[in-house]
Amino acid sequence: MASNVAFEEAVGDLSFSLYNAVEKSGNELISPYSITSALMLLMLGTDGTTYKQMRSSLFKKNIESDVNIGYKLLNDKLSSLTGNGVELSIGNRLFGDNKLNVLNTFTTNALQYYGSDLKRMNFRSAPDQSRININNWIANATKDKIKDMFPPKTITSGTVMVLANAIYFKGTWEKEFNPHNTTKRNFLDSSNQQKQVDMMYDQRYVVAGENTELDCKILQLQYTGNKTSMILLLPNDANGLSQLESKITMTKFKSLFSGIWRRDTIIRIPKFAFEAKYDLKPVLTSLGINEIFDSQTANFAKMTTMKPVFVNDARHKSYIEVTEQGTEAAAATTIEITKTSSMSGPFQFVAEHPFMFVIRDNNSGTILFVGRYANP
């Protein structure tokens, strides 16, 4: 099988580009893979300058191979992660109006590369029922973690197509935290207010360390099967999260792993659960994707003969829960290193102030989720 490294690296680069483009305030969570899936499915139907703009914005480096094949190869690899206490499901679906003439080549390629079938909807005369049906599909695909993706009146009689992607992840820690060791402790939130949180505790040998360039501590917690993991990045400065986020890139993130190793570590991290939602229009516009939103310039000639067709709405919603047992996360998109000198005691990773976290596939390095915890 041909190597898919170039595509996988490009998806990795895009992951942090998307995260950095999100305006951050409190707790944040996006699934770069979910957003990428929806955008690539959309790109499949574009032509002309609209296609060129999306391609160059999503993939900064030149990829000679077919990106659709690249996506399928990566998606097939990720689909094999389920098992041994880990569940990962990724779904794509097209919802098109009954009257919309969708080109056969588009639906064929959407199914072949993205596993997305076309579900016909009666947007014109029953927009609200169509909205409910789409919400139900997303809720079902995310085990009811993402509900009401489309609030009332967001689907109208003028809607002709909705592209939906849903991703669900549930991972059990390779070594669970003992609930009896969870205690109430202070957490300094992003407003410099002390809040009480349920703080999990353990002392074990795990992969951990410190990075001088990013000025942070790193902790890697494996999920059962060792195919997926959560990487936590804790700024040394209690108010240093924004500075860390401004420096992080995929290249710097990958370089972290050459400077951390298994060591005796005291771990304190909070239990947390939150959801987040985003309007992707400003995010995508900041990446250079804007033609798709303009009725005068959007070119979807590889999707339909109908004109004008353009993107009216692009949204992303996500959910995460981290407990002693592991992590449950879901999302939907509708469009350097120095070793520390040997110490007389264990390494300490005590997350009592805002931090970043990443959930990734260890093999391909694909980032399934990236976020920050700042406000209990």
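Per full-length UniProt numbering, the very first residue in the sequence shown carries number 1; after that it's consecutive.
Using N, Cα and C, we set each Cβ at its ideal position, and we do this for glycine too.
Since we're looking at a predicted model, the values are computed, not measured.
What residue does the beta strand (DSSP E) around M199 start on, and which one ends it?
Run containing M199: Q194 to N211, per the beta strand (DSSP E) assignment.
Start-to-end residues for the alpha helix (DSSP H) that takes in V11
Taken as a continuous stretch (DSSP letters only), the alpha helix (DSSP H) holding V11 covers V5 to A21.
Report the partner residues of Y319 according to the DSSP bridge assignment.
Answer is E275 and A330, bridged to Y319.
Going by DSSP in three states, L244 sits in which element: helix, strand or coil?
Assignment of L244 by DSSP, reduced to helix, strand and coil, places it in the helix class.
Return the CA-CA distance between I218 and R262, expressed in angstroms with no decimal places.
Those two C-alpha atoms are separated by around 12 Å.
Boundaries of the alpha helix (DSSP H) in which V67 is found, first to last residue
Per DSSP, V67 belongs to the alpha helix (DSSP H) from V67 to S79.
Label N226 either buried or exposed according to how many other C-beta atoms from any shown protein chain fall within 10 Å of its C-beta, with 16 as the threshold for buried.
Exposed.
Cα-Cα separation between N4 and E324, rounded to whole angstroms
Going from the Cα of N4 to the Cα of E324 covers about 35 Å.
For the putative contact between T366 and E8, defined by C-beta atoms under 8 Å, what is the C-beta separation to the nearest angstrom?
About 7 Å separates the two Cβ atoms, so the contact holds.
Anyone know if the C-beta pair for Q222 and E291 falls short of 8 Å?
No, these two residues do not count as a Cβ contact at 8 Å.
Which ranges does the alpha helix (DSSP H) cover as unbroken runs of at least 4 residues, wholly within the stretch 121-161, from first to last along the chain?
Within the stretch 121-161, the complete alpha helix (DSSP H) segments of 4 residues or longer fall at 127-141, listed in chain order.
Would you grab the beta carbon distance between D237 and D215 for me? Rounded to a whole angstrom, and I think it's under 8 Å.
Rounded, the Cβ-Cβ distance is 7 Å, consistent with contact.
In this structure, does DSSP put M303 in helix, strand or coil?
Residue state, collapsed to three classes: coil.
Does Y205 pass the burial test, meaning 16 or more other C-beta atoms within 10 Å, or should it be called exposed?
Its Cβ having fewer than 16 others within 10 Å, Y205 is exposed.
From this set, I35, G12, E352 and M200, which residue's C-alpha is nearest F187's C-alpha?
Closest option to F187, judged by alpha-carbon separation, among I35, G12, E352 and M200: E352.
Any idea what DSSP makes of S342, helix, strand or coil?
Unreliable positioning characterises S342 in this predicted model, as indicated by a pLDDT of 41, which lies under 50. The coordinate reading is nonetheless provided below. Assignment of S342 by DSSP, reduced to helix, strand and coil, places it in the coil class.
By Cβ distance, which residues of its chain are closer than 6 Å to D202, with the 5 residues on each side in sequence left out?
Non-local beta-carbon contacts of D202 in its own chain, meaning distances under 6 Å to residues more than five positions away in sequence, involve F177 and I267 in chain order.
Taking 8 Å as the CB-CB limit, is N62 close to chain C?
This model lacks chain C altogether; it includes just one protein chain.
For E324, does the three-state DSSP call read helix, strand or coil?
Note: E324 maps to coil in three-state DSSP.
CB of E28 within 8 Å of CB of R372, strictly
Yes, Cβ-Cβ distance for E28 and R372 is below 8 Å.
Find out if the Cβ-Cβ distance for the pair N165, G91 is shorter than 8 Å.
A contact, by the Cβ cut-off of 8 Å.
Can you give the Cα-Cα distance for V162 and P346, rounded to whole angstroms?
Roughly 52 Å between the two C-alpha positions.
Leaving aside the five residues before and after K61 along the sequence, list all residues of the same chain whose C-beta is less than 8 Å from its C-beta, in chain order.
Once the five neighbours on either side are set aside, the close Cβ partners of K61 are A6, E9, A10 and D13.
Please work out which residues of its chain come closer than 7 Å, Cβ to Cβ, to T304, disregarding the five sequence neighbours upstream and downstream, and give them in chain order.
Answer for T304: L100, N101, V102 and L103, listed in chain order.
Enclosing alpha helix (DSSP H) for Y33 [first to last residue]
For Y33, the enclosing alpha helix (DSSP H) covers residues P32 to M43.
Per DSSP, what are the beta-bridge partners of Q112 in this structure?
Looking at the DSSP assignment, Q112 forms no beta bridge with any residue, so it has no partner.
Option in E321, F369 and D198 with minimal Cα separation from I167
For I167, the closest of E321, F369 and D198 by C-alpha to C-alpha distance is F369.
For G288 and S56, the rounded distance between their alpha carbons:
Cα-Cα distance, rounded: 9 Å.
By alpha-carbon positions, which one of Q220, T159 and D294 ends up nearest to T265?
Per the Cα distances, Q220.
Whole-angstrom distance between G158 and K302, CA atom to CA atom:
Straight across, the Cα-Cα distance linking K302 with G158 is about 20 Å.
Same chain only: Cβ atoms within 7 Å of A374, ignoring 5 sequence neighbours per side
Excluding sequence neighbours, A374 sits near G26, N27, D189, S190, L241 and P354.
Closest Cα partner of N312 within the set S34, E321, A329 and D294:
Cα-wise, what sits closest to N312 is D294.
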